[in-house]
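Written below as structure tokens is the structure these notes are about.
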Amino acid sequence: MSLLEVRGLTVTYAGGAAAVRGVDLRLEAGRKLGLAGESGCGKSTLALALLRLLPAGTEVTGEVLLDGEDVLAMKWGRVRAVRWAGASVVFQGAMHSLNPVHRVGDQIAEPILLHRKATPAGARRKTGELLEQVGLPAARAGAFPHELSGGQRQRVMIAMALACDPRLIIADEPTTALDVMIQAQILRLIEQLVTDQDLGLIMISHDLAVLAGTCDRLAVMYAGRVVEEGPAARVYEDARHPYARALSAAFPRIGDAASRFAPRGLAGDPPDPAALPSGCAFHPRCPVALESCPETDPALREAGPERRAACVLAGPPAGEVRAAGEEPEALEEARPSTP
Ligand SMILES: Nc1ncnc2c1ncn2[C@@H]1O[C@H](COP(=O)(O)OP(=O)(O)OP(=O)(O)O)[C@@H](O)[C@H]1O
Ligand code: SF4
Ligand SMILES: [Mg+2]
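For what it's worth, UniProt numbering labels the leading residue of the sequence shown as 1, then goes sequentially.
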């Protein structure tokens, strides 16, 4: 049984924004899944939906199986138990949301006490251990948030997420506000924790390069859908979906001077989730769109070994088996070329 299996997840906000539209994902313990995509494509909404943290009035359908148990069908008492102990989230920009008037140690101990995982003395001991685990001296438990640097505060947030020994960690842009050196340290720390404790990790970022360097598999979202999914390095180096290709080409490659000086972007804006384009939602921006694309919304289909992409051009044409390595002409044209 997978640690996490998401089936047909859809989220529609009260105002009508279809922020997540039929997402299927799977994650095993000890594995790291990266979730990438432009601002507004639904990454945080998906993360919040996994633990039922969305505002009242939001419509959520589908299944979120955590160790086989559907979070969306749980009673509230069970959901509260699952948050923290089953799965916990390091939120986007969360290091700024530590309570400024409480010592960080008390803030880490709070969920431990709340979930009756330890006595007050046990919680203090555990807090010290957690701080050391994330590379801070146990004595920093007595510090107030303003006495810590941004990187230290983010370490505190990670310690807090680990407080109740969760099986799954969802890290939403855990390093975005940090400088590159601290970013690298935090990423190494998260990787280490996943490996040592056999946790599952979903790491969310708009930065495909960071995800490719950290995760085993990558899912690229566009307009609330996963449009490509596969082994992280393969998706980053050789995406099958035109949007994932454009996203990947927007990041300069180490050792490729041409891409450093001419990173490619993508023209146009992401669509409004309350007024999505017809057919394939990417068609108004797609450099290789076909005449049929405004009418056809392709489902994820096989696009290579352990790979799936939601594009009419990504899989072998119906009834025809393509030889390995051979690509449809139009998709070959869409591949970014090095000038
Ligand atoms: N509480 C809300 N009510 C209504 N619409 C919302 C709400 N929160 C987010 N949205 C909309 O849902 C869509 C997805 O937002 P979300 O925050 O999930 O994007 P994201 O991929 O995490 O973006 P970013 O990279 O900027 O964090 C956006 O169009 C956003 O405006
Ligand atoms: S289905 Fe059509 S519009 Fe969508 S990504 Fe593929 S070619 Fe482009
Ligand atoms: Mg977000």
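For every residue, glycine included, the Cβ atom is placed at its ideal position computed from N, Cα and C.
Practice problem: Give me the Cα-Cα distance between residue 295 and residue 312, rounded to the nearest whole angstrom. | Solution: Residue 295 and residue 312: Cα-Cα distance of roughly 11 Å.
Self-check item: Sub-8 Å separation of residue 235 and residue 218 beta-carbons
Solution: In contact: residue 235 and residue 218 (Cβ atoms closer than 8 Å).
Quiz item: So, do the segment 195 to 210 and the segment 67 to 75 have three or more beta carbon pairs nearer to each other than 8 Å?
Solution: Contact check between the segment 195 to 210 and the segment 67 to 75: fewer than three CB pairs, one atom from each, fall below 8 Å, which does not count as touching.
Exercise. Would you kindly work out how many angstroms separate the C-alpha atoms of residue 272 and residue 132, rounded to a whole number?
Key: Between residue 272 and residue 132, the C-alpha separation is close to 44 Å.
Exercise. Answer with buried or exposed for residue 107, where buried requires no fewer than 16 other C-beta atoms within 10 angstroms of its C-beta.
Key: Buried.
Quiz item: Could you give the distance in angstroms between the alpha-carbon of residue 154 and the alpha-carbon of residue 100?
Solution: When the Cα atoms are used, residue 154 and residue 100 turn out to be separated by approximately 14 Å.
Quiz item: Taking 7 Å as the cut-off, is the CB of residue 340 close to at least one heavy atom of ligand 3?
Solution: Since the first residue shown for the chain is 1 and the last is 339, residue 340 is missing from the structure and cannot be characterised.
Self-check item: Endpoints, beta strand (DSSP E) assigned at residue 225
Solution: That run of the beta strand (DSSP E) goes 225 to 231.
Quiz item: What first and last residue would you give for the alpha helix (DSSP H) that runs through residue 19?
Solution: Membership of residue 19 in any alpha helix (DSSP H) is not indicated; the residue belongs instead to the beta strand (DSSP E) covering 18 to 27.
Exercise. Return the residue from the list 223, 156, 185 that minimises the CA-CA distance to residue 137.
Key: Nearest in C-alpha terms to residue 137, of all of 223, 156, 185, is 156.
Quiz item: For residue 318, which residues of its own chain have a beta-carbon under 6 Å away from its beta-carbon, when the five flanking residues on both sides are left out?
Solution: Below a pLDDT of 50, predicted positions are generally treated as unreliable, and residue 318, at 47, falls in that range; the measurement from the model is reported next regardless. Once the five neighbours on either side are set aside, residue 318 has no close Cβ partner at all.
Exercise. Report the three-state DSSP secondary structure of residue 87 (helix, strand or coil).
Key: If DSSP states are grouped into helix, strand and coil, residue 87 belongs with the strands.
Quiz item: Say the cut is 7 Å; is the CB of residue 97 nearer than that to a heavy atom of ligand 3?
Solution: No, Cβ of residue 97 sits at least 7 Å from all heavy atoms of ligand 3.
Quiz item: Is it the case that the CB of residue 273 approaches a heavy atom of ligand 1 more closely than 7 Å?
Solution: Under cutoff, so the answer is yes.
Exercise. Mind the definition here: the segment 86 to 100 touches the segment 117 to 132 only if three or more C-beta pairs lie below 8 Å; say whether that holds.
Key: Note that the segment 86 to 100 does not touch the segment 117 to 132; fewer than 3 beta-carbon pairs, one per stretch, sit closer than 8 Å.
Exercise. Note the first and the last residue of the continuous beta strand (DSSP E) segment covering residue 220.
Key: Secondary structure note for residue 220: its beta strand (DSSP E) is the uninterrupted segment 217 to 222.
Quiz item: If you draw a straight line from the alpha carbon of residue 40 to that of residue 231, how long is it in whole angstroms?
Solution: Between residue 40 and residue 231, the C-alpha separation is close to 24 Å.
Self-check item: Alpha-carbon to alpha-carbon, residue 1 and residue 68
Solution: Computed Cα separation, rounded: 7 Å.
Quiz prompt | Exposure of residue 134, with buried meaning 16 or more beta-carbon neighbours within 10 Å | solution = Counting of Cβ neighbours within 10 angstroms places residue 134 among the buried residues, the total reaching 16 or more.
Exercise. Have a look at the DSSP bridge pairing and note the partners of residue 7.
Key: Paired residues: 63.
Quiz item: Going by the C-beta, is residue 268 closer than 7 Å to any heavy atom of ligand 1?
Solution: No, Cβ of residue 268 sits at least 7 Å from all heavy atoms of ligand 1.
Quiz item: When the Cβ atoms of the segment 2 to 9 are set against those of the segment 17 to 27, are three or more pairs found closer than 8 Å?
Solution: Taking a cut-off of 8 Å for Cβ pairs, the segment 2 to 9 and the segment 17 to 27 touch, as three or more such pairs fall below it.
Quiz item: Hey, out of 158, 169, 276, whose CA is closest to residue 17's CA?
Solution: For the residues 158, 169, 276, the minimum Cα distance to residue 17 belongs to 276.
Quiz prompt | Where the alpha helix (DSSP H) through residue 48 begins and ends | solution = 43 to 50 is the extent of the alpha helix (DSSP H) around residue 48.
Quiz item: Identify the residues that DSSP records as bridge partners of residue 35: which are they?
Solution: Residue pairing by DSSP puts residue 35 in a beta bridge opposite 204, 219.
Practice problem: Assign residue 246 to one of three DSSP states: helix, strand, or coil. | Solution: In this structure, DSSP gives residue 246 a helical state, which the three-state scheme calls helix.
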